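Student: Submitted below is the structure of interest, expressed as structure tokens.
Number of protein chains: 2
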Amino acid sequence: MTGHSYDLAALKAAIAESAGLVDAALDRMLPRPEGRQARVQEAMRYAIQAGGKRLRPFLVLQSARLFGVPDARALRVGAAIESLHTYSLVHDDLPCMDDDDLRRGLPTTHKKFDEMTAVLAGDALLTIAFEFLAGAETHSNAEVRAALVLRLAEASGHIGMIGGQVIDMLADKSFGIAEVIELQRKKTGQLFEFSCEAGPILGEASADDRKRLKGFAEEMGVVFQITDDLLDVTSTAEKTGKAVGKDADAGKQTLVTLLGIEGARAEAERRAKAAVAALGPHAARAPNLAALPFFLLDRDS
Amino acid sequence: MTGHSYDLAALKAAIAESAGLVDAALDRMLPRPEGRQARVQEAMRYAIQAGGKRLRPFLVLQSARLFGVPDARALRVGAAIESLHTYSLVHDDLPCMDDDDLRRGLPTTHKKFDEMTAVLAGDALLTIAFEFLAGAETHSNAEVRAALVLRLAEASGHIGMIGGQVIDMLADKSFGIAEVIELQRKKTGQLFEFSCEAGPILGEASADDRKRLKGFAEEMGVVFQITDDLLDVTSTAEKTGKAVGKDADAGKQTLVTLLGIEGARAEAERRAKAAVAALGPHAARAPNLAALPFFLLDRDS
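Protein chains in written order, with my numbering: chain P, -1 to 299; chain U, -1 to 299.
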């Protein structure tokens, strides 16, 4: 525990509420398996339904409410970011990538279906993310929809998430702190940044507000990654639902291998405080958002 | 030869001019390999530079000029559709899909690099297609940019191109003419339809004009597919730069296996005429577009 006080029950309730809303939105928005292409539509749903905390849609919803954006709009963006995140997991699990058989305790998509279907279902989830953003219901101002498409393409593309995955696959023992932070900011941080910027983009807020939410996401991303790496070292497969100790086995550097468990935890706490500071005047108006980095510090799965 | 007269030299010149313009646009717009993620950016360029006739960007440019759209805008859409088409080839060639070692006489992307890089380069090409469309330089009206994103996501997604690939992988000897046409319209036809609709969308033309260009593309797509299937039977690997006779080996039905060589050729000619008829008043104003289906009928590679 960090000693930082926040309303844990309220935050847990908010995360659960948001997950319920986004699950319902995904169920409405994703295609129902139909016709001769039903197999890929089933695989899209299977991959999404494997679940998780729906952290990225939570960030979208919370940042959107801060700027008075109706949930109905934010949920479309939440469905988009979750579809995109899920595609990255489906492709990441493939035999030619991380070669994982399990994800959150369930067979990965290529195990449940087959490799070909997993490649195509991932492609289709990536594609539909942009369809969700560009749809007229996302915002009455098409400039906003185009801005969301552009920002997500950048965050998830060759200099964003995909760039991070490439760096990760080439990473070795020589990586220092700066390299690890660059890798992780691209690989996982960029989608958090998109999620938090979605609120001010949807709310047509000022550039300063967008910077505040982006700054929050950037620091929070490091907290998420450090706590993920800590869990990889300290937790059990039972709790996290996936293989643990993989980073050390693969000879990869993380902030935990570079700073040690105590050093990494201290860095994560420093980053959690920096995240709240970045929110500026919004921290008090968005207690659940401000509590999230500390909640991540305390997590055990 | 079909006996249908058109200016072959003018069409060839127009195709070459368009390919030159789109190659230059792709070279400008695709990322230069830089930093730790250079490998995936190199693979993106490698896959695109493997070339081809750039037929889809040709359709975009020609349909755009018909509605007075500046080339600079159309070329961004041309770059987007070529990036998207190329991603589909990169993923299609993977060992878990068609498992092809050669594409247009060159090693496929996963052979030149590795499978992981090919998956990620494909993902990045798909992602950047939407970035190109949503960028402000594509059109001053954001409604147009959002409409392009939406139409491309639909054409290439689970009910479009990806749907067609799924149907193709499950296809067997039981497929009749209707099933083969549905499969091919999704797998290859939808991207032609997007390419031809891009002109009226960029030109903010009437719904009738959009229908005309879409109708043209639909018929032309069948011509393209039949002539492709004819080449698979009658041509040599040397001319097409890829393995031939694969459909028959795989026990798959095509309009050629279902109608016979002469029957399929007659159907393609009928479709070529229908394509020109669909253009209506635009056929006379766009001689290169109107000639294309007949050019496809005559092609030998």
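Beta carbons: idealized from backbone N, C-alpha and C, even for Gly.
Note that the coordinates shown come from a computational prediction; the quantities given were computed from them, not determined experimentally.
Can you give me the Cβ contacts of Ile224 of chain P inside the same chain, cut-off strictly under 6 Å, excluding the 5 residues immediately before and after it?
Tutor: Excluding residues within five positions, the ones whose Cβ falls inside 6 Å are Leu253, Ala262, Ala266.
Student: Quick one: what's got a C-beta closer than 7 Å to Ala48 of chain P's C-beta in the same chain, skipping five residues either side?
Tutor: Arg101, Arg102, Leu104
Student: Three-state secondary structure (DSSP) at Arg52 of chain P?
Tutor: Coil.
Student: Using only the alpha-carbon positions, how far apart do Ala282 of chain P and Leu131 of chain U sit?
Tutor: 38 Å
Student: Would you say Ile165 of chain P faces chain U, with C-beta separation under 7 Å as the test?
Tutor: yes
Student: List the endpoints of the continuous alpha helix (DSSP H) containing Leu6 of chain U.
Tutor: 6 to 27
Student: Considering only the beta carbon of each residue, do Arg74 of chain P and Thr125 of chain P sit closer than 7 Å?
Tutor: no
Student: What are the residues in the region 80 to 93 of chain U lying within 7 Å of chain P by C-beta distance?
Tutor: Those residues of the region 80 to 93 of chain U that come within reach of chain P (Cβ to Cβ, closer than 7 Å) are His89, Leu92.
Student: Met167 of chain P and Ser86 of chain P look like a contact to me (Cβ under 8 Å); what is the Cβ gap, rounded to whole Å?
Tutor: About 13 Å separates the two Cβ atoms, so there is no contact after all.
Student: To be precise: take each residue of the region 32 to 64 of chain U, compare its Cβ to all Cβ atoms of chain P, and keep it if any distance is under 7 Å. Which residues remain?
Tutor: Contacts with chain P (Cβ-Cβ distance below 7 Å) from the region 32 to 64 of chain U involve Arg34, Gln35, Arg37, Val38, Gln39, Met42, listed in chain order.
Student: What are the start and end residues of the alpha helix (DSSP H) that includes Ile259 of chain P?
Tutor: 253 to 277
Student: Which class does Leu168 of chain P belong to by DSSP, given the choice of helix, strand or coil?
Tutor: Correct three-state label for Leu168 of chain P: helix.
Student: Determine, for Arg143 of chain P, whether the minimum Cβ-Cβ distance to residues of chain U falls below 7 Å.
Tutor: Interface annotation, Arg143 of chain P: in contact with chain U, CB-CB separation under 7 Å.
Student: Expressed to the nearest angstrom, what Euclidean distance is found between the alpha-carbon atoms of Leu123 of chain U and Gln188 of chain P?
Tutor: 18 Å
Student: Between which two residues does the alpha helix (DSSP H) containing Asn139 of chain P stretch?
Tutor: No alpha helix (DSSP H) contains Asn139 of chain P, which DSSP labels as neither H nor E.
Student: At least one CB of chain U closer than 7 Å to the CB of Met(-1) of chain P: is that the case?
Tutor: Confidence at Met(-1) of chain P is low in this model, with a pLDDT of 47, below 50, so the placement of that residue is unreliable and no value is reported for it.
Student: Just to confirm, is the Cβ distance from Arg52 of chain U to Ala17 of chain U under 7 Å?
Tutor: If you check the CB distance, Arg52 of chain U and Ala17 of chain U come in under 7 Å.
Student: For Thr125 of chain P, which residues in chain U fall below 8 Å Cβ to Cβ?
Tutor: Chain U residues near Thr125 of chain P: Leu124, Ala151, Ser154, Gly155, His156, Ile160.
Student: Of the residues that make up the region 128 to 141 of chain U, which ones have a beta carbon closer than 7 Å to any beta carbon in chain P?
Tutor: Phe128, Glu129, Ala132, Gly133, Ala140, Glu141
Student: Determine contact between the region 77 to 96 of chain U and the region 218 to 232 of chain U, defined as no fewer than three beta-carbon pairs at a distance below 8 Å.
Tutor: With a cut-off of 8 Å, the region 218 to 232 of chain U and the region 77 to 96 of chain U do not count as touching, because too few Cβ pairs lie within range.
Student: Can you give me, in chain order, the residues of the region 104 to 121 of chain P that have a beta carbon less than 9 Å from any beta carbon in chain U?
Tutor: His108, Asp112, Glu113, Met114, Thr115, Ala116, Val117, Leu118, Ala119, Gly120, Asp121
Student: In chain U, which residues lie with their C-beta within 9 Å of the C-beta of Val147 of chain P?
Tutor: Phe128, Glu129, Leu131, Ala132, Arg143, Ala144, Val147
Student: If you reduce the DSSP assignment to three classes, tell me which class Leu104 of chain U lands in.
Tutor: Strand at Leu104 of chain U.
Student: Can a CB atom of chain U be found closer than 7 Å to the CB of Met95 of chain P?
Tutor: yes
Student: Taking 7 Å as the CB-CB cut-off, is Leu295 of chain U touching chain P?
Tutor: Output row for Leu295 of chain U: interface = no.
Student: Is the distance from the Cβ of Leu82 of chain P to the Cβ of Ile46 of chain P below 7 Å?
Tutor: no
Student: Using a Cβ cut-off of 7 Å (strictly closer), state whether Pro29 of chain U contacts chain P.
Tutor: yes
Student: Please compile the residues from chain P whose C-beta is within a distance smaller than 8 Å of the C-beta of Leu168 of chain U.
Tutor: Those are Arg34, Arg37, listed as they occur along chain P.
Student: Among residues of its own chain, excluding the 5 on either side of Pro29 of chain U, which ones have a beta-carbon nearer than 6 Å to its beta-carbon?
Tutor: Contacts found: Gln39.
Student: Compute the Euclidean distance between the alpha carbons of Gly155 of chain U and Thr115 of chain P, then round it to the nearest angstrom.
Tutor: 13 Å
Student: Roughly how many angstroms separate the alpha carbons of Gly201 of chain P and Phe65 of chain P, rounded to a whole number?
Tutor: 5 Å
Student: Starting from the Cα of Glu177 of chain P, find the closest Cα among U:Asp226, U:Ser3, U:His2, U:Gln35 and give me that residue.
Tutor: Glu177 of chain P has its Cα closest to that of U:Gln35, out of U:Asp226, U:Ser3, U:His2, U:Gln35.
Student: Can you tell me the Cβ-Cβ gap for Val274 of chain U and Ala288 of chain U, rounded? I've got them flagged as a contact below 8 Å.
Tutor: With a Cβ gap of about 5 Å, Val274 of chain U and Ala288 of chain U count as contacting.
Student: Any Cβ of chain P within less than 7 Å of the Cβ of Leu6 of chain U?
Tutor: no
Student: Three-state secondary structure (DSSP) at Pro291 of chain P?
Tutor: helix
Student: Output the boundary residues of the alpha helix (DSSP H) element that contains Ile199 of chain P.
Tutor: 188 to 200
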